[in-house]
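Chains as they are written, first to last, in numbering that gives the first Met the number 0: chain Y, 0 to 383; chain E, 0 to 383; chain P, 0 to 383; chain U, 0 to 383. Notes follow once the structure below has been shown.
There are 4 protein chains.
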Amino acid sequence: MSQRKLRVGMVGGGGPANFFGGPHRRGILMDNSAELTAGALRSNAADSIASAKELYIPRGYPDWQTMMKEETAKPESERIDYVTIVTPNDAHFGPADAASAAGIGVLCEKPLTTTLDEAKRLHATVASKNTPFVVAYTYTGFPMVMLAKELVKDNAIGEVRKVEAWYPQGWLATKLEADGQKQAAWRVDPTKAGASGCGGDIGTHAYEFVRFVAGRNATRVRGRLKTFVPGRALDDDFTVLAELDNGGIATICASQITIGAQNDNGFRISGTTGTLEWSITDHTILKHYAGGKPLQLYRQGAEYGYFPGSIKPYLRLPSGHPEGFHEALANLHRTLEWTIRGRRGENVPTPFPHPGIADGVAGMAFVEAAVASSNQDGAWVKVG
Amino acid sequence: MSQRKLRVGMVGGGGPANFFGGPHRRGILMDNSAELTAGALRSNAADSIASAKELYIPRGYPDWQTMMKEETAKPESERIDYVTIVTPNDAHFGPADAASAAGIGVLCEKPLTTTLDEAKRLHATVASKNTPFVVAYTYTGFPMVMLAKELVKDNAIGEVRKVEAWYPQGWLATKLEADGQKQAAWRVDPTKAGASGCGGDIGTHAYEFVRFVAGRNATRVRGRLKTFVPGRALDDDFTVLAELDNGGIATICASQITIGAQNDNGFRISGTTGTLEWSITDHTILKHYAGGKPLQLYRQGAEYGYFPGSIKPYLRLPSGHPEGFHEALANLHRTLEWTIRGRRGENVPTPFPHPGIADGVAGMAFVEAAVASSNQDGAWVKVG
Amino acid sequence: MSQRKLRVGMVGGGGPANFFGGPHRRGILMDNSAELTAGALRSNAADSIASAKELYIPRGYPDWQTMMKEETAKPESERIDYVTIVTPNDAHFGPADAASAAGIGVLCEKPLTTTLDEAKRLHATVASKNTPFVVAYTYTGFPMVMLAKELVKDNAIGEVRKVEAWYPQGWLATKLEADGQKQAAWRVDPTKAGASGCGGDIGTHAYEFVRFVAGRNATRVRGRLKTFVPGRALDDDFTVLAELDNGGIATICASQITIGAQNDNGFRISGTTGTLEWSITDHTILKHYAGGKPLQLYRQGAEYGYFPGSIKPYLRLPSGHPEGFHEALANLHRTLEWTIRGRRGENVPTPFPHPGIADGVAGMAFVEAAVASSNQDGAWVKVG
Amino acid sequence: MSQRKLRVGMVGGGGPANFFGGPHRRGILMDNSAELTAGALRSNAADSIASAKELYIPRGYPDWQTMMKEETAKPESERIDYVTIVTPNDAHFGPADAASAAGIGVLCEKPLTTTLDEAKRLHATVASKNTPFVVAYTYTGFPMVMLAKELVKDNAIGEVRKVEAWYPQGWLATKLEADGQKQAAWRVDPTKAGASGCGGDIGTHAYEFVRFVAGRNATRVRGRLKTFVPGRALDDDFTVLAELDNGGIATICASQITIGAQNDNGFRISGTTGTLEWSITDHTILKHYAGGKPLQLYRQGAEYGYFPGSIKPYLRLPSGHPEGFHEALANLHRTLEWTIRGRRGENVPTPFPHPGIADGVAGMAFVEAAVASSNQDGAWVKVG
């Protein structure tokens, strides 16, 4: 099929307490078309190099600056093809900007940065080099979410009236960070997470459904950020009402204190002629309501003819063999890979329009507007 | 068991286009403990009398005024024991106030009235006579909703942090009223429905979950009422963010334009130690999440020992024999019946604390505040 | 609509431990078109009369023989129009045969009798008088089951290949009868229940799906009746493999020892071009699979245009207002009522072809063949 | 963690029409602890070598015989550590026996062989060399199935009474093999698939639930194999009733003609004190029913404390991040890997008791007994 495996570098993602490094490595390796070549996996230089060794990553670096310097110095035939950035939010901008400036592709975790200003500067760099760039709004990699996007585009529900996007979790309902849980600790620390905790971490995912699936943008928002757990510095509950650019409305509700909720994001999009509904809790199904007809359930499976050509290459298994989170992540890596390979003239399918740098910027604009509104007791604030 | 069947009068609920008369009659007759004795079933006198005859109601009246006058003139041994009011909203106050003043029990449809002022005046009448009064927040009659109330009271989820209450419908997504659909026509007419369409009709149901189940009140609200269908005089979409009297928050989201949604009300209540969730789409189940334990599903059935004594008398069937909407409605009639019988010294179970006149007033206060807020582009408005 | 309410007599169904009397009374009263006129509600004469009084049934009789005698002696203008028989199995034949012989309509609980021979004799009586007769295969009264029948008939799934019918319960997983639980006691007593416990009580319901919905008959069966609870005289687990009259096959699996199962009957019918699936655990939905198309979910609701004219008159509520077991039972009473009224020339809808005497006989033939097979260690036995 | 990645050889699994090669490769690569080193991927020598190259497998061989010969000739420091066999059934025995004889670990697809005799001979080879051997009963790799096994072992449901195991599919409801669909073609060809089509392909999976989860064996069976699609040489529908070694019973129902069913295997195991139920259609949940208590839903997620130490190392993601089929397959590879590493003294977790050679033999014994029974019109046949 292809000439060689792509070479991937990873920034962050090492260490025993790390969460997202493992899933990204699985996503990268899943289809046997890329390899883990380089890594600056931890904040401490020695740990970083040890971590690379332990993970069978041949080129371990003490930090991302060294990685970028040495990799860009290599001939193209040896250099990494793209980097995956899985650090806490405050450490996205540096490596992302450096890689973008060097024309090395980037798959960056969300939220894109910690401030909208940073995000815009990164956008400028990416634009100037036309760097292949994917933002890890992972849920856009689920095939039924991709199908929803295509159906909206194909007018299956008419004009969008209302988007309800949700993302409840329960894991921060108690003061987990006080026990030294690392995943909790940085997420509730404004210096690492940015101006919003819950909103930045998961509210941005929910908002991306508005953009990616419904194809709409928020023009102004009212935000209600709330901190339920005493002594926490950032919001653990995030409720936003938004007006959309076509006159519709959206509710974006995320929470980290909904005990029992796991990671239950989803959306319902109501249009003038129908409704689409998806939830990760039943993620192989997409519901399509249209007037008085029976409810239609699209089900995931490589054999179903109703998947358009834009999605078919992203399906790996026949129906009933559940794919999941790793495959969704792998799909984002696939899009970046095919973008890179395509530009080189390799024969690959057309990449799906997964979220790129503009979506990352839009997510930051949304969060900043929500924070600003909440700080003004919920006044309307325009989305920058 | 009891001395005689209770005698029930009905106001409204006749005619071929009527919707709620039938369900209430089924609720009244369900347990063979009450009979339909009197009726002023339609707005036209002749139709009203014909309708009573057709429905085997012996004492047909031309209008509710005549019914009240003649019934109160009868000796107590013949008089109706209570009236059920199933007219459009603007015709609740008259008969409810007259019956209350006469000390005749009332089961009144919601919203209680068309204005908060009317509601308060009715409250005064009811209070002065201590009239047995139930407001038809029908979903509080579902046994699993009753169980949720008891669990919250028994501290099963700790202190309430957040209430999410929802009620999407899709039947008004097109301009149904233009086709002469009577149920649609009066609901979108401010002179009949009051200041809010969607909010008054179904938003009040959703709000009652906050009060009835979570045991909390909204102190101030931000409301966003929207009319999606062009040319409609009232809101067909109703989104409210509320602050609660204990510092928690609530979202109350109702809609009539969510195509495919049927009548899908429900709630999720998150507390400091657990979460309860219920939806009418799976109404025989109540979900209880508590920390890291397996999710517990309470299931409906007369044989389950976990129903407290306050609910057991409201269960009719063993598990797996689904009860539904009619039984929920019958439960509200049962509460009114047992209230009446209990006061007479008959041996009946203690009635469950189903919504009464105060809940009807609170519903109106909530809707008026939401309307006022929406009229001010979403400013915070105190709930009166 | 109609001239007068129908007058109904009830045999059995009284007493504090009785289960099915209440649901039938609710079914009879539900639509305000029939009244409870007569009753021989308990096996003891004094109790029987007291029970009628307590239940507001004006004509209480000491036993069904007296009821039949006195009712048939009345002029047609006063006589009961039909009887509902809700006694244990061994007490079906007597009153059913007597009423049938008198030309009084019958709605009889299942299994029809305790032996196939009795069933055939009853059939002869019914046939000779052309008596309106409905057998309470209650689940055929659920509208989505009725819709399934119509879809099969309309060739929506092609030729039937396989029917899977199931009915697990868990309530007899322990020796409940030892504690004096009356519902358990008679069901495990061969003198009252007949030759099969689980098979007669619920296996017959499952088998009726083969006949009613799939439109097929079993020609021969292999039965495996098993008694798991020590010391029980009848089977509490019933597994049957059947060959069908068109060359297809069926599995009919019922059990009373599946702990946690409530009353979970349902079916899946696979044909050459599609599959239909229904379960009481989600009874307002009918699933229709057809090749590579999205799964279609028919949902219950009086407003949906896909219900044929044969079913529409049996729907009471708009979608999302769940009907349930009582309504299903009421639908069987409705069918009997409309049969009776129709013959009298009253203007009523065409009754749906709900199970009649022939289905009752077929159920007994099926159970007897299954028992015979099980007694021969599972040899094939023809269905009589 | 470990010294080096394990080296894996693959037999079969190449070519554009192949199905299971890809999933196994993803399972092998998933955790970055093994690499694809060798392959004899297709039946034609040139294709085989080309396929290895295309898949980035460094040591491509023309056939498995050559692969075995050359690999065993290598020093242990270069040799493959185990082979994965993903050929059609008739090509399992050869490479499995050769690898076992050479002491090279084996992960073999099921059914183990095409005859019980072959299976027993392979068992002897494996036993003589004590070869690490895993049979790809993939569904035993789902964590909730593993949890079910542990709960049964820990007496959570008492003594097992009844096992219901199911596996409906719909993809062979039409004569797909006539269109040259390769996956269909070999599965309905007795020379490649063995004596049973549906039973061997998926009935064996369902039967393994009886052994793996319930911990029981079938002692005798009645089988009903049926071919619904005209002109097909093997069964496409497989129904078995089994007696279990503790006096319980089991039903094992598999089908390939249930239109709309995808790959819907699952089980319900009823014991004297409770019931466990799992279905791949909701595979992150395990239902536990116990008497009158609320239904408990165990949910998958690495953070839940109720997973025993034997399962925890097999969980990759926190709750709500769905794992699926690839992870289940990866878990079987993980068990083989940890078995191999453990024997070498590497520090790895204790492998879970996933199915080995004895389970493969038992599966063949079950299928042969079912076929023999069906050939005798369903007579009881002992399981060898």
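Backbone N, C-alpha and C fix where the C-beta goes; we use that ideal spot for every residue, glycine too. All values reported here derive from a predicted model rather than from experimental measurement.
Query raised in the report: Which two residues bound the contiguous beta strand (DSSP E) that contains histidine 287 of chain E?
Result: 284 to 288
Query - Residues bridged to isoleucine 384 of chain E (per DSSP) - result: Absent from the model: residue 384 of chain E. The displayed extent of chain E is 0 to 383, so no value can be given.
Query raised in the report: What does DSSP give as the partner residues of valine 105 of chain P in its beta bridges?
Result: P/Val82, P/Phe132
Query raised in the report: Between the region 294 to 310 of chain E and chain U, which residues of the former have a C-beta closer than 8 Å to a C-beta of the latter?
Result: Leu294, Gln295, Leu296, Tyr297, Arg298, Glu302, Tyr303, Gly304, Tyr305
Query raised in the report: With 16 as the cutoff for other CB atoms within 10 Å, does threonine 190 of chain U come out buried or exposed?
Result: exposed
Query - Cross-strand partners of tryptophan 379 of chain E (DSSP beta bridge) - result: Tryptophan 379 of chain E is not bridged to any residue.
Query raised in the report: Which residues in chain E sit within 8 Å of glycine 291 of chain U, going by Cβ to Cβ distance?
Result: Glu302, Tyr303, Gly304, Tyr305
Report task. Find the residues of chain U that neighbour glutamate 252 of chain P, judging by a C-beta separation of less than 8 Å, and give them in chain order. Result -> According to the sequence as given, residue 252 of chain P is cysteine; it is not glutamate. Neighbours of cysteine 252 of chain P on chain U, chain order: Glu163, Thr250.
Report task. Using only alpha-carbon positions, find the residue among U/Gly12, U/Thr274, U/Tyr303 that is nearest to proline 87 of chain U. Result -> U/Gly12
Query raised in the report: Could you give the distance in angstroms between the alpha-carbon of leucine 335 of chain E and the alpha-carbon of tyrosine 313 of chain E?
Result: 13 Å
Requested in this report: Pair every Cβ in the region 158 to 169 of chain U with every Cβ in the region 250 to 259 of chain U, then say whether three or more of these pairs are closer than 8 Å.
Outcome: yes
Query - Sequence-distant residues of its chain with Cβ nearer than 8 Å to proline 131 of chain Y (five each side left out) - result: Tyr81, Gly104, Val105, Leu335, Thr338, Ile339, Arg342
Query raised in the report: Excluding five sequence neighbours on each side, which residues of the same chain lie with their C-beta closer than 7 Å to the C-beta of aspartate 244 of chain E?
Result: Arg215, Asn216, Thr218
Query raised in the report: Would the region 271 to 287 of chain Y and the region 222 to 240 of chain Y be scored as touching if the rule is three or more Cβ pairs under 8 Å?
Result: no
Query raised in the report: Who are the near neighbours of alanine 126 of chain Y in its chain, counting only those whose CB is closer than 8 Å to its CB and skipping five residues on each side?
Result: Ile356
Report task. Below 7 Å CB to CB, which residues in the same chain sit around proline 321 of chain E once its five sequence neighbours on both sides are set aside? Result -> Thr283
Requested in this report: Verify the CB distance criterion: does serine 1 of chain E have a CB-CB separation below 9 Å to chain Y?
Outcome: Low confidence applies here, because serine 1 of chain E scores a pLDDT of 44, under 50, leaving its location unreliable and the question unanswered by this model.
Query raised in the report: Cβ of leucine 171 of chain E within 9 Å of Cβ of isoleucine 279 of chain E?
Result: no
Query - Cα-Cα separation between lysine 4 of chain P and asparagine 262 of chain E, rounded to whole angstroms - result: 33 Å
Query raised in the report: Taking just the CA atoms, how far does methionine 143 of chain E sit from proline 307 of chain E?
Result: 11 Å
Query raised in the report: Could you give the distance in angstroms between the alpha-carbon of methionine 0 of chain E and the alpha-carbon of valine 85 of chain P?
Result: Below a pLDDT of 50, predicted positions are generally treated as unreliable, and methionine 0 of chain E, at 44, falls in that range; the measurement from the model is reported next regardless. Answer to the nearest angstrom: the Cα atoms are 21 Å apart.
**Report entry** threonine 203 of chain P in three-state terms, based on DSSP
**Finding:** helix
Query raised in the report: If we call anything under 9 Å between Cβ atoms a contact, is phenylalanine 365 of chain Y one with isoleucine 310 of chain Y?
Result: no
Report task. Report the residue from U/Gly383, U/Val212, U/Gly344, U/Gly20 whose alpha carbon sits nearest the alpha carbon of valine 151 of chain U. Result -> U/Val212
**Report entry** Segments assigned alpha helix (DSSP H), at least 4 residues, entirely inside the region 33 to 94 of chain Y
**Finding:** 44 to 53, 63 to 72
Report task. Return the bridge partner residues of leucine 275 of chain U from the DSSP annotation. Result -> U/Ile268, U/His287
Requested in this report: Could you give the DSSP three-state label for glycine 214 of chain P: helix, strand or coil?
Outcome: coil
Query raised in the report: Roughly how many whole angstroms lie between the Cα atoms of phenylalanine 266 of chain Y and alanine 371 of chain Y?
Result: 25 Å
**Report entry** Length of the line joining the Cα atoms of histidine 325 of chain P and glycine 21 of chain P
**Finding:** 10 Å
Query - For lysine 225 of chain P: DSSP bridge partner residues - result: P/Asp236
Query raised in the report: valine 228 of chain U to glutamine 180 of chain U, Cα distance in whole Å?
Result: 15 Å
Query raised in the report: What is the DSSP secondary structure of leucine 171 of chain E, counted as helix, strand or coil?
Result: coil
**Report entry** Range of the contiguous beta strand (DSSP E) that encloses arginine 231 of chain P
**Finding:** Note, arginine 231 of chain P: premise wrong, no beta strand (DSSP E); not H, not E.
Requested in this report: Could you tell me which residues DSSP pairs with glycine 8 of chain Y in its beta bridges?
Outcome: Y/Ala37, Y/Val82
Query raised in the report: If you draw a straight line from the C-alpha of alanine 389 of chain P to the C-alpha of methionine 363 of chain P, how long is it?
Result: No answer is possible for residue 389 of chain P: the residues shown for chain P start at 0 and end at 383.
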